[in-house]
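See structure below.
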């Protein structure tokens with residue numbers, strides 16, 4: 080995969096559907112794991128970018 084759909088400002092809601100185009104399944108899984116580890120109560124931006 081080449082390029083990125085975002086830069087320093089993050090993905091955002093509008094570009095969420097395209098996240099899988101620029102990140103591998105392993106990268107998305109890592110992001111989800113980090114989110115769940117750092118926010119076990121799922122209170123920060125619930126379901127905005129990563130699945131709740």
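In this note's numbering, the protein residues as written are 80 to 131.
Note that the Cβ used here is the ideal one computed from N, Cα and C, for glycine as well.
Only a predicted model underlies this, so the values are computations on that prediction, with no experimental measurement involved.
Whole angstroms are fine: how far does the CA of residue 93 sit from the CA of residue 115? 22 angstroms
Return the residue from the list 120, 83, 123 that minimises the CA-CA distance to residue 98. 83
Opening and closing residue of the alpha helix (DSSP H) in which residue 92 lies: 91 to 94
Leaving out the 5 sequence neighbours to the left and right, which residues in its chain are closer than 6 angstroms to residue 111 when beta-carbon positions are compared? 129
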